[in-house]
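Its first residue numbered -18, the sequence shown is counted upward by one per residue in the numbering used here. Ideal placement from N, C-alpha and C gives every residue a C-beta, glycine not left out. Note sheet for the following structure.
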Amino acid sequence: MIAIALAVQAPLMRPAPMPALPLTQLDDRGPSSDLDKRTLSLAFAHPCQVQDLLLMLVRGTRLSIVADPSISGTFIGELKNVTVRQALGLVLRPLGLDYTLEGSVIRVARREPDTRIFDLNYIATGRTGQTTVTADAGSQASASVTTSTKADVFDDLANGVRTLLSDRATFNIDRKAGLLQVTDFPERLDRVGIYLETVQARVQRQVQIDARVIEVEPSDSKAAGIDWQRLATKMSGAATADTPIPTRPTMNGLRVTDVGKLLALLADQGTVTLVANPRLLTLNNEPSIVRTATMSFSVTPQISSDSVLTLSLTPLVSSPAVLESDMLARVADGETLVVSGFTRDREVKERKPVGTSGGWFGRSTTVTRKRVELVILLTARIVAGVSAQ
């Protein structure tokens, strides 16, 4: 057993009885003043005052240790082959204590919170979107569907940071300056820093979406719409329409990589008209809206770390009757999502000459209705925020 005597003793007071001290083994392979290479083993079967333990940690080294007189606490346990730095962390942290190193002097005191300021590079505005669709089924009944989305990155950050802090912590977000000030213990501040870096890496991912809205008027006036079975068969390279179409377990709708071939196959079935061709640039989980005379839709991308995009799409067709749908689909970077199933009647006016026995002397106008199918093509490409795989 090793006995260690305290050098300071309060006057007129009997010293507290010393506990049985453990067997101490020092590894002399490193220099005695090295905080990280010299290892030791300690075993305590009975409570040991933390002041006594601190003296033991630096015994036989060139390190000095100075403890705040107000600290207290005991330690029971066993430390095997740990460095002085590791032992300090294991013993002091549960007691609410911490240490600083000044040259060869270790100072031990109660742990105090620190303050750190983080940059928040986000626009200080919240975004809210709402869509309401109402259908009237007569004078006795009607129905309406309302969908809404709300995004406020500062509120989300505040909620996330709050879960990482201790009970003694305080924090404040300055939206205008784009700053987050946090006061807490250092290890908690490190967690906040990691969280903010992770959020920023995901929020600032960016995607470009090339959107096409096209109308297809079938050549066969009796056709119900586009023969997607035949088209998918040809897109897959099958020789005949009877050949089974290969399926993909993650397919949600039709996904293609050759848009030119798709448009050519659509042209084989009818007249293809381009209604709109906007190019959208949006951030991760931020909605973009496209409006045309016959169709409007909102698309929100979610970009994962493996360059897979999940698209939330809400198309709304207003003619001749209101038709709304909501879907989620996963596509790879550069793939095109094909969304179909929206049909409408289009009025076509034609002026034809009127014939008589005396010849042609006028023209008449005839109005016909033709069934057309609306198709949305969305080609998504990641342009920022995800490293190459």
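Contact check, residue i vs residue j, beta carbons under 9 Å
| i | j | result |
| --- | --- | --- |
| L170 | V163 | yes |
| F323 | L355 | yes |
| L36 | I52 | no |
| L78 | V86 | no |
| L297 | S277 | yes |
| V63 | L16 | no |
| V319 | V197 | no |
| T275 | S299 | yes |
| T291 | L309 | yes |
Sequence-distant residues of its chain with Cβ nearer than 8 Å to residue i (five each side left out)
| i | result |
| --- | --- |
| N265 | R183, V184, Q185, R186, Q187, V188, P282, Q283, I284, G366 |
| L146 | F152, V163, D165, R169, V173 |
Spatial neighbours of residue i in its chain, beta-carbon cut-off 6 Å, leaving aside the 5 residues before and after
| i | result |
| --- | --- |
| R260 | D191 |
| T360 | D191, T317 |
| Q32 | A48 |
| L38 | V65, A68 |
Residue i versus residue j: straight-line alpha-carbon distance, rounded
| i | j | result |
| --- | --- | --- |
| A257 | V353 | 15 Å |
| L212 | V364 | 31 Å |
| R272 | D137 | 30 Å |
| V289 | S279 | 19 Å |
| D165 | R91 | 14 Å |
| S293 | V194 | 17 Å |
| A245 | D100 | 50 Å |
| A150 | T96 | 10 Å |
| V253 | T144 | 54 Å |
| P50 | E83 | 18 Å |
| V126 | T295 | For V126, the pLDDT reaches just 47, beneath the cut-off of 50, and the residue's location in the model is therefore unreliable, although a value from the coordinates is still provided. Whole-angstrom Cα-Cα distance: 13 Å. |
| S321 | A105 | 37 Å |
| A176 | G41 | Here residue 176 is Tyr; the residue named in the question, Ala, does not match the sequence. Cα to Cα, Y176 sits roughly 42 Å from G41. |
| P199 | A248 | 9 Å |
| A68 | I98 | 30 Å |
| G448 | P75 | With the chain covering -18 to 370 only, the question about residue 448 has no answer from this structure. |
| P167 | E93 | 9 Å |
| V134 | L262 | 19 Å |
Bridge-paired residues (DSSP) for residue i
| i | result |
| --- | --- |
| S293 | T281, L309 |
| G251 | P199 |
| L36 | Partner(s): none; L36 has no beta bridge. |
| K351 | R327 |
| Q30 | T55 |
7 Å Cβ shell around residue i - same chain, five flanking residues per side excluded
| i | result |
| --- | --- |
| L34 | F56, V72 |
(request) Please go through the segment 189 to 218 and give each complete alpha helix (DSSP H) segment of 4 or more residues, from N-terminal end onward. (result) 209 to 216
(request) Could I get the ranges of all uninterrupted alpha helix (DSSP H) runs contained in the segment 127 to 182, with 4 residues as the minimum, in chain order? (result) 134 to 143
(request) Please specify which runs of the alpha helix (DSSP H), each continuous and at least 4 residues long, are wholly inside the segment 47 to 102, giving them in chain order. (result) 65 to 73
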